[in-house]
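Beneath this line is the structure, given in structure tokens, with notes to follow.
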Amino acid sequence: MLESSRPGRQGIAIMAASAAVAKGPRLTLSSFLAALLKNLKSNTIWAMLAGGAVAVLVRYLQDLIRRFQQQEAESLWRRHVDLSVVQAVLLTTEHLKSLGRVEKRTLFVKPITEVFRNEFVLANVLRTAEMAVAKNEPFLVTQLSQEDKWHVLTTCTNHLSSCFAPYHVFFNEARRVESYYQSAWYVFTLTCAQTEASGRWFITPLKPVGKDDVGMLRIRIVMMNEQELREIASGAIEPPSFGFFNGRHESRWNTCQRFAELFERQLTKVSGTSDVGDAEWGPNLCGRLSSTKKKGGSNPLLSSMADPNSSTNPAEENCILRIHVPFPAGRSQMEKSDSQRLEECVSKDVVLFE
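When you number the sequence shown by my numbering, it's gap-free, plus one each residue, and the end is 360.
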């Protein structure tokens, strides 16, 4: 009985074979998992290495672009070129006769992307500025098409007019209440030029800037009093016999003269008379530029100017716009009659095109 309860040799062999069969799949699965884990580790390492290489390359390219931009900015600064902003200035000849100076007063400096927000217009203005510089033509607007002139100049009108925003409201109330506010006409255009003459210094002429004393090449909205332009065009305002204060002021005077020529050309075309001292713009100067099929301007002299493709419409025409500037006058102006004050307090905004 005891011998029969023990397994025989044959039973032991069968049990060993069964254990081997059961153990086989376990060894195969663990080996597969180990190989898979090893493969994943290998791929992760390669991915990490590739990601690190890409990051280093991107960082290198960023540093390269940054250094290039810095070098370009330094080059522009050394060459006194700054087309990233638009500067609005007022030119005046108040000290021309006594000191030989043409004063320049800055009204504002704004990023060019803020003045011309439309990317197409911005690119067009910058391209035209480079073209004007290459042709040595400081008046950028002469290089624009007739349609582009209108849109660019009216954009400048809005920025200039905002400089006098409160005065427009005060002037508007001058017709209803006792007020010292009056109005004056100014004319503006667009330039891109660089003054190459010297003449700057630190506080006194004994401390000159140095050998690289040149002006900044930038786009400027140049504004002048209309009466001053009339007097320059007619010869009533002339440079003094003793000459200019320095070359820089002589360069500004040349800009004033060229400005007066454009003004005289425009006024002569509109009024039909060459006497710029007494010529009038007329009651209404709203002509149409977009299409000759539309209703024309009220002034028949503007008919040829309304067609942008007209052969009688050269580059020097339609390069200016007028702007109405209210200002507080002295108390003596209150002594005028009510009819005179009312006439002077009426807003007379006009534009060359509608």
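The C-beta atom is built at its ideal place from N, Cα and C for all residues, glycine as well. Model, not experiment: these values are computed from the prediction.
Separation of residue 56 and residue 66 (C-alpha to C-alpha, rounded to the nearest whole angstrom) is 15 angstroms.
The way I'd put it, the segment 265-277 doesn't touch the segment 126-134; fewer than three beta-carbon pairs between them come closer than 8 angstroms. Taking 9 angstroms as the cut-off, the beta carbon of residue 102 is found closer than this to the beta carbon of residue 246.
No residue range can be given for residue 324, since it is assigned to no alpha helix (DSSP H) and is classified by DSSP as neither H nor E.
With at least 16 other beta carbons inside 10 angstroms of its own, residue 155 counts as buried.
The alpha-carbon of residue 53 is positioned some 22 angstroms away from that of residue 68. Distance between residue 93 and residue 191, taken at the CA atoms: about 20 angstroms. Here the segment 187-202 does not lie against the segment 105-123, with fewer than 3 beta-carbon pairs under 8 angstroms apart. For residue 110, the uninterrupted beta strand (DSSP E) run begins and ends at 109-117, by DSSP. Assigned with DSSP and collapsed to three states, residue 93 falls in strand.
DSSP, read as helix, strand or coil, puts residue 169 in coil.
For residue 280, the three-state secondary structure derived from DSSP is coil. Counting along the chain, no alpha helix (DSSP H) covers residue 197; the unbroken beta strand (DSSP E) around it starts and ends at 187-199. Proximity to residue 200 across 180, 221, 194 and 37 peaks at 221, based on C-alpha coordinates. For residue 222, no beta strand (DSSP E) run applies, since DSSP gives it neither H nor E.
Contact between the segment 243-258 and the segment 121-128 is absent: fewer than three C-beta pairs spanning the two stretches fall below 8 angstroms. Straight-line spacing of the CA atoms in residue 257 and residue 183 works out to 45 angstroms. For the pair residue 196 and residue 227, the CB atoms are nearer than the 9 angstroms cut-off. When DSSP states are grouped into helix, strand and coil, residue 126 belongs to the helix group. DSSP lists 188 as the bridge partner or partners of residue 333.
Taking 9 angstroms as the cut-off, the beta carbon of residue 51 is found no closer than this to the beta carbon of residue 118. Following the DSSP letters along the chain, one finds residue 150 in no alpha helix (DSSP H), marked with neither H nor E. Excluding five sequence positions before and after residue 329, the CB atoms of its chain that fall closer than 7 angstroms to its own CB belong to 163, 166, 167, 192 and 194, given in chain order.
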